[in-house]
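Numbering (our numbering), first residue to last: 28 to 154.
Glycine included, C-beta positions come from ideal geometry on N, C-alpha and C.
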């Protein structure tokens, strides 16, 4: 599982850094590798790129992060620990067809956020 996370995150990092200069790429790449390294810990963590390739979303231990794909600057973050999913390892992120909503699936919990402001909308526990 951790190998897949590292491979997936490496692909995301490479794809989002193509338009940056070499020096910027090296600096931003190290930053994202450190961030991914933290999230490959037992606390869990995973990432996905928005369908329009403008943003990279990363779910850490208890926070959802939104980075711009072009320059990897943190745009927004949202605390998701209150959704009681922080103890689960791994998960997946997927988007609505119009990219207005972001879904996070961890274990039996499905969380819904809007992508504009990263506001938490709803939580469903699947039995």
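CA-to-CA, the gap between residue 80 and residue 134 works out to about 26 Å. For residue 121, the number of other beta carbons within 10 angstroms of its own is below 16, and it is reported as exposed.
Counting every other CB atom within 10 Å of its CB across the protein chains shown gives residue 152 a total below 16, marking it as exposed. Annotated three-state conformation of residue 102 is strand, per DSSP. Distance from the CA atom of residue 154 to the CA atom of residue 73, rounded to whole angstroms, is 23 Å. With fewer than 16 neighbouring CB atoms inside 10 Å of its own CB, residue 95 falls in the exposed class. Sequence-distant partners of residue 101 (beyond 5 residues in either direction) whose C-beta falls short of 8 Å from its own C-beta, in its chain, are 92, 93 and 94. Rounded to whole angstroms, residue 118 and residue 140 show a C-alpha spacing of 15 Å.
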